[in-house]
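> Protein chains in written order, with the working numbering: chain A, 11 to 304; chain Y, 1374 to 2169.
There's a structure below that I have some questions on.
Here is the structure:
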């Protein structure tokens, strides 16, 4: 499936921010699962500094900085990308044998080892560990374990945009059994890692379907987050969306992958500002091909 | 071994000095014979009377107190400052022992450098199986954003510290490597200064190798690295850090600027310092903050002490760092399990100085070995950089959990979490003499050795720092908190030439220093808080004198005073209100943040003031008693002001301190005039204004009659000769602002100069009867604008 993607993020500061400097991870990634044919990120007001680089994991990383105080900043992304279907066959290692596969792993950016232990925002959490152990079918393949845990989490969690914020820990969100995609993804990652399954945080876009008979509304969506899990040398990485309890197939477009939100935050930035700030986000995912029936 | 100690010719102070069997001792060799390097020192110490020894030790301690040496404890509760725990007797090492240590550690430093280059470069060690990938990937100090970033100098490591001990066979071994931001070299200097005051006799101190040459070489190497014309500075996490004192001390000693993360800004890939002159480029930072906190944009996002964009400056090759970010990765205990093999791989030679035997429990054979030998091991976190004698939550010693955690039976724990754990041999340390109740007793010790990279290779600080255990337990347990620190003397066969940081009699002026805006801000506020404190003390004294006189709080004059006090945050119901302690506290906080910029005496005077105020607050009563107490405090605070204003060099920093004082004095006087020189004020309040304006004598001499509202306004507002008047403060501020950088440009006045000139002019042309209460309000508002302009131009 091919998509045109439009994203606008606006920041407004109560007091002009002095020496604003941001790192953006907004440009969609080229992966075996998706092809990016065009991508453009514009920034307004034009920054005094801009550098486009790749981070350790290979994500596109754009650094922007302003030398004069700014009151408003606007980031605009236009991209065209094609997402290929995920393989449906289960080639994954039995969960019990995953550790043996991991012994071959090194330190290259795609190595599952980066995604196995605690990361800054996802420490091990006993309650989540107990939950995922209970949710596990007997002697599963790794892929089956990923799906079982994703489904079980979806069962017990309620989507609630008000219950948590960007700084809520997986532990706190799980205690509430409420949250948004970021919470779903981080809890699932904590659970998978507790079972020895390397798991990463994926940020990107999700195509949404209008209610039957209604037109697609523009700009009502936000960025999305889901989970990548490593299922052994033969299968490699698979992507699962616990918020919607489904494999991240043709409806998804990946922007960046890292250990947790901190690695892939769309806008990371420090600013010296006395007052508060607010931001708005508008996302449009426009399918270019005729949707397949059903 | 006790043969020798029983020998008749041993001095009294060694009576009962019995090294333990199977333990090496620094004073006596394995045959029980005193090592020659100690003989002259012991002879000298033995010749001193008990009183003399006590007097000398007191001299050393007095030095440390005078110098203000302290360290900070994080103990769950509010951070506390502790006096430096000096063990008075140094550890003596022979040149031969020292040379062996240096040879071994030079090789180790080179090895660590190559490991760093590999972990942040090609990754050969992991790819070829010499180091488990997991130990790197899981290590929170391995910083992915730094992978592929080659330091500008081409080297990752420039300053290292090693914790070493002596094993029972007499050889030295390494207990831990410090590469993140090694601390202690400044404390080593203070150990030396204090110990040399205790053992001040020309011999044997003449043979002790000096420390200054090490710092000279290190500073020169940093200067070379910074590049021509580029500044170098020390980056500190700030006053809440446990070794902040050392950062201020080293900064003063080496003449380097002390910066905090917020002093820096990265612009176009260059690290710049925000100074009162504007942005100044920086060539090198000696980093005393942990890497993870250095850049909130790419590392720990919650860091409040870092500089956004610092990694970008490193990527673009515009900034040198001592040491490179990410160097903490090689401090992990588990590295010790692999370094012996890695030495063979990278250097083609075994380690000259072994490190403590370590087994990573992520490998089945090693795990089994640790489990079987748990009785003789410390088992703890593999990636923890802590030394083997630090007890963490999960530490197992002799097969028993010693920390707060209880993860279940040892074998299951090892099987479950082995890859997170290491076993380290429970080492036996050597003992060295420590003074206890009139004689020497053997105590376990480790030595911290500091190394610096210079163009000639790695150099080592000859001695300076040993930890001394608190009991005779040599299994390293005694080395936990509660021990003390001693100087280490490397003793040459003959006298060593004296040395200092600046060799010979050469004369060279330093280039002008820079004043970071943050430091200027703190100095300014220090000036203000000190003056505000003084004003509060004068007000309280005037209050208590009148209270003693009348005893009637309802008298109109006293009512006005108590309302005025309340408006200044001074509760008139208490003899010494809490508000006073808060003001002194605020002054101390400002002072603590710029301790590198004023003398230890000034800091001491400020602490003395705080202590005295606390003591007095607990016991004085209203009236004469409290008035007397205020006079005591007034003398103490004058002592501080005198030290600062008489002795502080007139750098830009002093001008900000003086600006703060002048501004506060002007504002305080205006407030006092608003209240006490109001036409509607009750009788007797003009005297109060004159008294708290410290102008009683002057008033008597200057005016025939009075006081009247006119004489008071004339003297305290408009008199250019009275150092307490508002006009005088404005003139002072104009003078200081005129000496600051970026004053006016192109012959034009800056907005700040203009505002001050207008105030100055008005006050000079006013007559005392022209000044209405509304004009006093206006003057205060204009003075507040002066502060806004000052802050805009210099303080951010």
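Don't be surprised by glycine CBs; every beta carbon is placed ideally from N, CA and C.
Spatial neighbours of residue 1447 of chain Y within its chain, please: CB distance less than 7 Å, with the 5 preceding and 5 following residues excluded, ordered by chain position.
Position 74 of the second chain holds residue 1447 of chain Y. A caution first: residue 1447 of chain Y carries a pLDDT of 48, below 50, which makes its placement in the model too unreliable to give a value.
> What would DSSP say about residue 32 of chain A, mapped onto helix, strand or coil?
Counting from one through the first chain, the residue named residue 32 of chain A turns up at place 22. Here residue 32 of chain A sits in strand by DSSP.
> List the residues of chain A that residue 1670 of chain Y touches, going by C-beta distances under 9 Å, in chain order.
Taking the second chain and counting its residues from 1, one reaches residue 1670 of chain Y at position 297. Neighbours of residue 1670 of chain Y on chain A, chain order: 31, 32, 33, 73, 278, 279, 280.
> Can you confirm whether residue 130 of chain A, when its beta carbon is compared against all beta carbons of chain Y, has any partner nearer than 9 Å?
Here residue 130 of chain A refers to the residue found at position 120 when the first chain is read from its first residue. Closer than 9 Å: yes.
> Going straight from the alpha carbon of residue 1689 of chain Y to that of residue 296 of chain A, what length do you get?
Within the second chain, numbered from 1, the residue matching residue 1689 of chain Y stands at position 316. Within the first chain, numbered from 1, the residue matching residue 296 of chain A stands at position 286. Roughly 39 Å between the two C-alpha positions.
> Buried or exposed for residue 1576 of chain Y, please, with buried defined as at least 16 other CB atoms from any protein chain shown within 10 angstroms of its CB.
Here residue 1576 of chain Y refers to the residue found at position 203 of the second chain. Looking at its Cβ environment, which holds fewer than 16 other Cβ atoms inside 10 Å, residue 1576 of chain Y is exposed.
> Which residues bound the alpha helix (DSSP H) around residue 2083 of chain Y?
Indexing the second chain from 1 puts residue 2083 of chain Y at position 710. It spans 2082-2086 - the alpha helix (DSSP H) in which residue 2083 of chain Y sits, taken as one unbroken run.
> Taking only beta-carbon positions, decide if residue 1452 of chain Y is within less than 9 Å of chain A.
For the purposes of this step, residue 1452 of chain Y is taken as residue 79 along the second chain, with counting starting at 1. With a pLDDT of only 46 at residue 1452 of chain Y, under 50, the local geometry of the prediction cannot be trusted, and the value read off the model is given with reservation. No, residue 1452 of chain Y does not count as interfacial toward chain A.
> According to a CB-to-CB cut-off of less than 7 Å, which residues of the region 203-219 of chain A neighbour chain Y?
If the cut-off is 7 Å between Cβ atoms, the region 203-219 of chain A has nothing near chain Y.
> Consult DSSP for residue 2069 of chain Y and reduce its assignment to one of helix, strand or coil.
Locating residue 2069 of chain Y in the second chain gives position 696, where the first residue counts as 1. Three-state DSSP puts residue 2069 of chain Y in a helix.
> Please tell me whether residue 73 of chain A and residue 33 of chain A are closer than 9 Å, where the distance is taken between their beta carbons.
One-based indexing of the first chain puts residue 73 of chain A at position 63. One-based indexing of the first chain puts residue 33 of chain A at position 23. The answer is yes: Cβ separation under 9 Å.
> Quick one: list the residues of chain A neighbouring residue 1518 of chain Y, beta-carbon separation under 8 Å, in chain order.
Within the second chain, residue 1518 of chain Y is the residue found at index 145, counting from 1. Within 8 Å Cβ-Cβ: 65, 66.
> Let me know if residue 2032 of chain Y comes out buried or exposed under the rule of 16 or more other beta-carbons within 10 Å of its beta-carbon.
Within the second chain, residue 2032 of chain Y is the residue found at index 659, counting from 1. Buried, by the Cβ-count rule.
> Which residues bound the alpha helix (DSSP H) around residue 2140 of chain Y?
Taking the second chain and counting its residues from 1, one reaches residue 2140 of chain Y at position 767. Looking at the DSSP string, residue 2140 of chain Y is not in any alpha helix (DSSP H), and its letter there is neither H nor E.
> If you check the beta carbons only, do residue 132 of chain A and residue 231 of chain A fall under 9 Å apart?
What you label residue 132 of chain A is simply residue 122 of the first chain in a count that begins at 1. What you label residue 231 of chain A is simply residue 221 of the first chain in a count that begins at 1. For residue 132 of chain A and residue 231 of chain A, no; Cβs fall outside 9 Å.
> Can you check whether the C-beta of residue 1553 of chain Y is within less than 9 Å of a C-beta belonging to chain A?
As a first step, residue 1553 of chain Y must be located in the second chain, where it is residue number 180. By this cut-off, residue 1553 of chain Y is not an interface position.
> Are the beta-carbon atoms belonging to residue 1953 of chain Y and residue 1913 of chain Y less than 9 Å from one another?
Start at 1 with the first residue of the second chain, and residue 1953 of chain Y comes out as number 580. Start at 1 with the first residue of the second chain, and residue 1913 of chain Y comes out as number 540. Yes.
> Return no unless some Cβ of chain Y is closer than 9 Å to the Cβ of residue 121 of chain A.
As a position in the first chain, residue 121 of chain A is number 111, starting the count at 1. With 9 Å as the cut-off, residue 121 of chain A counts as an interface residue toward chain Y.
> So what's residue 1544 of chain Y in DSSP terms, helix, strand or just coil?
Against the second chain, residue 1544 of chain Y aligns to sequence position 171. If DSSP states are grouped into helix, strand and coil, residue 1544 of chain Y belongs with coil.
> Establish whether the CB of residue 1673 of chain Y and some CB of chain A are separated by less than 9 Å.
One-based indexing of the second chain puts residue 1673 of chain Y at position 300. Output row for residue 1673 of chain Y: interface = yes.
> Count Cβ pairs between the region 201-217 of chain A and the region 258-267 of chain A that sit closer than 8 Å; are there 3 or more?
Taking 8 Å as the limit for Cβ pairs, the verdict is that the region 258-267 of chain A does touch the region 201-217 of chain A.
> I want to see whether chain A comes within less than 9 Å of residue 1967 of chain Y, judged by CB atoms only; does it?
Against the second chain, residue 1967 of chain Y aligns to sequence position 594. Chain A contact via Cβ: absent.
> Between which two residues does the beta strand (DSSP E) containing residue 1536 of chain Y stretch?
Taking the second chain and counting its residues from 1, one reaches residue 1536 of chain Y at position 163. Looking at the DSSP string, the run of the beta strand (DSSP E) that includes residue 1536 of chain Y is 1532-1539.
> Would residue 1639 of chain Y pass as an interface residue toward chain A - the criterion being a Cβ-Cβ separation below 9 Å?
The residue you call residue 1639 of chain Y lines up with position 266 of the second chain. At least one chain A Cβ lies under 9 Å of residue 1639 of chain Y.
> Does the region 1614-1633 of chain Y come into contact with the region 53-66 of chain A, if we say contact requires no fewer than three beta-carbon pairs (one atom in each stretch) closer than 8 Å?
Result no; under three Cβ-Cβ pairs closer than 8 Å.
> Residue 189 of chain A touches chain B at which residues, Cβ-Cβ below 7 Å?
Absent from the structure: chain B. Protein chains present are A and Y.
> What residues in its chain sit with their C-beta under 6 Å from that of residue 86 of chain A, if we drop five residues either side in the sequence?
Translated into the one-based positions of the first chain, residue 86 of chain A becomes position 76. Taken in chain order, the residues that qualify are 18, 52.
> Give me the subset of the region 1794-1818 of chain Y whose CB atoms are less than 7 Å from a CB atom of chain A, sorted by chain position.
From the region 1794-1818 of chain Y, no residue has a Cβ closer than 7 Å to chain A.
> Residue 85 of chain A lies in the beta strand (DSSP E); which residues open and close that run?
Here residue 85 of chain A refers to the residue found at position 75 of the first chain. That run of the beta strand (DSSP E) goes 80-93.
> Looking only at C-alpha atoms, which of A:210, A:55, A:224, A:29 sits nearest to residue 251 of chain A?
Indexing the first chain from 1 puts residue 251 of chain A at position 241. Of A:210, A:55, A:224, A:29, the residue nearest in Cα terms is A:210.
> Tell me, to the nearest whole angstrom, how far the beta carbon of residue 1583 of chain Y is from that of residue 1869 of chain Y; I am working on the premise that it is less than 8 Å.
Counting from 1 along the second chain, the entry for residue 1583 of chain Y is found at position 210. Counting from 1 along the second chain, the entry for residue 1869 of chain Y is found at position 496. Yes, they are in contact, since the Cβ atoms of residue 1583 of chain Y and residue 1869 of chain Y sit about 6 Å apart, within 8 Å.
> Buried or exposed: where does residue 2019 of chain Y fall if 16 or more other Cβ atoms within 10 Å of its Cβ makes it buried?
By one-based count along the second chain, residue 2019 of chain Y stands at place 646. Looking at its Cβ environment, which holds fewer than 16 other Cβ atoms inside 10 Å, residue 2019 of chain Y is exposed.
> In terms of alpha-carbon separation, which member of Y:1482, Y:1607, Y:1476, Y:1520 lies closest to residue 1494 of chain Y?
Start at 1 with the first residue of the second chain, and residue 1494 of chain Y comes out as number 121. Among Y:1482, Y:1607, Y:1476, Y:1520, the Cα nearest to that of residue 1494 of chain Y is on Y:1520.
> List, in order along the chain, the chain Y residues whose C-beta lies closer than 7 Å to that of residue 59 of chain A?
On the first chain, residue 59 of chain A is found 49 positions in, with the first residue counted as 1. Within chain Y, the residues near residue 59 of chain A are 1641.
> Report the start-end ranges of each alpha helix (DSSP H) in the region 1477-1526 of chain Y that is 4 residues or longer and not cut off at the edges.
Listed in chain order, they are 1497-1500, 1506-1510.
> Alpha carbon to alpha carbon, how far is residue 1410 of chain Y from residue 1403 of chain Y?
What you label residue 1410 of chain Y is simply residue 37 of the second chain in a count that begins at 1. What you label residue 1403 of chain Y is simply residue 30 of the second chain in a count that begins at 1. Going from the Cα of residue 1410 of chain Y to the Cα of residue 1403 of chain Y covers about 15 Å.
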